[in-house]
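These protein sequence lines map, in sequence, to chains B and C.
Everything in the first sequence is counted per this note's numbering, starting at 1 for the first residue and increasing by one.
Everything in the second sequence is counted per this note's numbering, starting at 1001 for the first residue and increasing by one.
All C-beta atoms in this analysis are idealised placements derived from N, C-alpha and C, irrespective of residue type, glycine included.
As structure tokens, the structure follows; a few thoughts come after it.
Number of protein chains: 2
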Amino acid sequence: MITFDDTFRRQLHDLFVWRRDVRRFRPDPLPAGTLEGLIEIACLSPSVGLSQPWRFVIVDDKARRQAVIEDFKACNADALRSYSGERAARYASLKLAGLEEAPGHLAVFAEKATDIGHGLGRATIPETTEYSVVAAICSMWLAARAEGIGLGWVSILNPARMHDILSVPETWKFMGYLCLGYPMAEFDSPELERAGWECRRATADFITRR
Amino acid sequence: MITFDDTFRRQLHDLFVWRRDVRRFRPDPLPAGTLEGLIEIACLSPSVGLSQPWRFVIVDDKARRQAVIEDFKACNADALRSYSGERAARYASLKLAGLEEAPGHLAVFAEKATDIGHGLGRATIPETTEYSVVAAICSMWLAARAEGIGLGWVSILNPARMHDILSVPETWKFMGYLCLGYPMAEFDSPELERAGWECRRATADFITRR
Chain B
1 MITFDDTFRR
11 QLHDLFVWRR
21 DVRRFRPDPL
31 PAGTLEGLIE
41 IACLSPSVGL
51 SQPWRFVIVD
61 DKARRQAVIE
71 DFKACNADAL
81 RSYSGERAAR
91 YASLKLAGLE
101 EAPGHLAVFA
111 EKATDIGHGL
121 GRATIPETTE
131 YSVVAAICSM
141 WLAARAEGIG
151 LGWVSILNPA
161 RMHDILSVPE
171 TWKFMGYLCL
181 GYPMAEFDSP
191 ELERAGWECR
201 RATADFITRR
Chain C
1001 MITFDDTFRR
1011 QLHDLFVWRR
1021 DVRRFRPDPL
1031 PAGTLEGLIE
1041 IACLSPSVGL
1051 SQPWRFVIVD
1061 DKARRQAVIE
1071 DFKACNADAL
1081 RSYSGERAAR
1091 YASLKLAGLE
1101 EAPGHLAVFA
1111 EKATDIGHGL
1121 GRATIPETTE
1131 YSVVAAICSM
1141 WLAARAEGIG
1151 LGWVSILNPA
1161 RMHDILSVPE
1171 TWKFMGYLCL
1181 GYPMAEFDSP
1191 ELERAGWECR
1201 RATADFITRR
């Protein structure tokens, strides 16, 4: 039986504190096999009924990358139009994705039609398929950060467009588009990095006892 | 800037390999404050637009626990009826939750109506709210395992019943019910623990390059 000690637990806590959604990347390429290695780790994640519904598409093709960038720009412009005044100015000032600079592009999908697991645990909450894929992304995120690699999860994209651009099966649900690379800068305090659009932290306020 | 070394990365990999959905718990209580500590760690997770939509309900009340157990039994019986023959026999033999024995019961919800983050990142994919809560559960799961505490995520429950039983706001979406406690047994090999309903592992087969 494997156990973990206080030193590891302290470092694991540091990892949680310092994991970030990275949007500014250095242009250096990632070592060959980096994305595949992170995908292997992602595949160790929990999944409903062991259905392992995660599907990964490494996007190397320049034209497809450019199409994703164009879609992001369109969706982001739409989002900006939904804000006004001070908040619009604030939104416009944010850098919300590192798609142009990130050396690694990885699209992640959930296979809704998988028969692996024979539907176990999915009857009452079918979204557990998507939740399993989120678990995979989160494992990858932590593993990347432990290797000094930044990850940014881009959700400001049109899922239907991602299907078209990446030519994936109809039964795959778009979950997110991940940018990976070495981060441009790190701060001395995690709170400095957090300060931005919204830095209120929700902790014990939201624990309810019944 | 904080960095991590090979020793930590190896242990982190072990943690991913050995994290399990635990369904057999020893009856020993968890030390006071354990659940609150794990919730604090969960709150370090990524969330869309920093919206932190996770909501936690510690369920100590005996009558409510019993009502959850009854709902699980009903949903599990429904699920069993959906299988036939060999597969039904196999399903019936599985222990799918440790609700009766687990000393810690924690229900987790997603606040769909939160204004924190002002909708940032949620316009194109509103489910990113739920995905943020999954991220929180996954952090908690790893942190628990690092402390030698097992966690089992129960999804064989009726979300509407969970609302009634736990009297939570209408805008909270039920995400999962977590059983926590010290695991009854650990095996020498993670694959031994995996062998069960489905032990096929999906890894590089599902990497597609475009």
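- Sequence-distant Cβ neighbours of B:Leu12 in its own chain, meaning closer than 7 Å and more than five residues away, do not exist here.
- Two segments are said to touch when three or more pairs of C-beta atoms, one from each, lie closer than 8 Å; by this definition the segment 16 to 23 of chain B does not touch the segment 37 to 46 of chain B.
- Secondary structure within the segment 62 to 149 of chain B: the alpha helix (DSSP H) runs of 4 or more consecutive residues, fully enclosed, are 62 to 81, 85 to 93, 128 to 146 (chain order).
- Cβ contact annotation for B:Ile156 (same chain, cutoff 8 Å, sequence separation greater than five): Phe72, Cys75, Asn76, Ala79, Leu96, Ala97, in chain order.
- Residue contact with chain C for B:Gln66: absent (no Cβ-Cβ distance below 7 Å to any residue of chain C).
- One alpha carbon belongs to B:Leu106, the other to B:Val57, and they sit about 6 Å apart.
- Taken in chain order, the whole alpha helix (DSSP H) runs of length 4 or more contained in the segment 1148 to 1174 of chain C are 1159 to 1166.
- Assignment of C:Phe1016 by DSSP, reduced to helix, strand and coil, places it in the helix class.
- Distance from the CA atom of B:Ala136 to the CA atom of B:Arg90, rounded to whole angstroms, is 32 Å.
- Annotated as distal: C:Leu1030 and C:Pro1126, with beta-carbon spacing of 7 Å or more.
- The alpha carbon of B:Pro159 has as its nearest neighbour, out of C:Asp1060, C:Asp1005, C:Ser1084, C:Arg1122, the alpha carbon of C:Arg1122.
- Taking the CA atoms as reference points, C:Gly1119 sits about 7 Å from C:Gly1049.
- The criterion of a C-beta distance shorter than 7 Å is not satisfied by B:Phe109 and B:Trp153.
- Across the set B:Glu147, B:Arg87, B:Gly181, the C-alpha of B:Glu147 shows the shortest separation from the C-alpha of C:Arg1009.
- Look at B:Asp5 here: in three-state DSSP terms it is coil, with no helix or strand label.
- Burial check for C:Ser1132: the Cβ neighbour count within 10 Å reaches 16 or more, so the residue is buried.
- Checking the DSSP bridge columns, you'll see B:Tyr182 has no partner listed.
- In the same chain as C:Trp1054, and ignoring 5 residues on each side of it, the C-beta atoms closer than 6 Å to its own belong to Val1133, Ala1136, in chain order.
- With a threshold of 16 other beta carbon atoms within 10 Å, B:Gln66 falls short and is exposed.
- The beta carbons of C:Leu1142 and C:Leu1180 sit no closer together than 7 Å.
- Proximity to B:Glu70 across B:Glu100, B:Leu38, B:Thr129, B:Arg210 peaks at B:Glu100, based on C-alpha coordinates.
- Rounded to the nearest angstrom, the gap between the Cα atoms of B:Gly37 and B:Met140 is 9 Å.
- At a beta-carbon threshold of 9 Å, the residues of chain C lying near B:Arg210 are Val1057, Ile1058, Val1059, Asp1060, Asp1061, Arg1064, Ala1107, Ile1165, Leu1166, Ser1167, Val1168, ordered along the chain.
- With contacts defined as CB atoms closer than 7 Å, B:Leu178 and C:Arg1210 fail to qualify as a contacting pair.
- 7 Å or more divides the Cβ of C:Ile1002 from the Cβ of B:Asp28.
- A distance below 6 Å between beta-carbons, with the five flanking residues on each side excluded, links B:Ser51 to the following residues of its chain, in chain order: Thr114, Ile116, Gly117.
- Assignment of C:Arg1010 by DSSP, reduced to helix, strand and coil, places it in the helix class.
- Looking at the DSSP output, C:Asp1021 shares a beta bridge with C:Leu1151.
- Taking the CA atoms as reference points, B:Arg145 sits about 45 Å from C:Ser1084.
- Judged by DSSP in its simplified three-state form, B:Val59 adopts coil rather than helix or strand.
- At least one C-beta of chain C is nearer than 7 Å to the C-beta of B:Cys75.
- Beta-bridge partners assigned by DSSP to C:Arg1209: B:Ile58.
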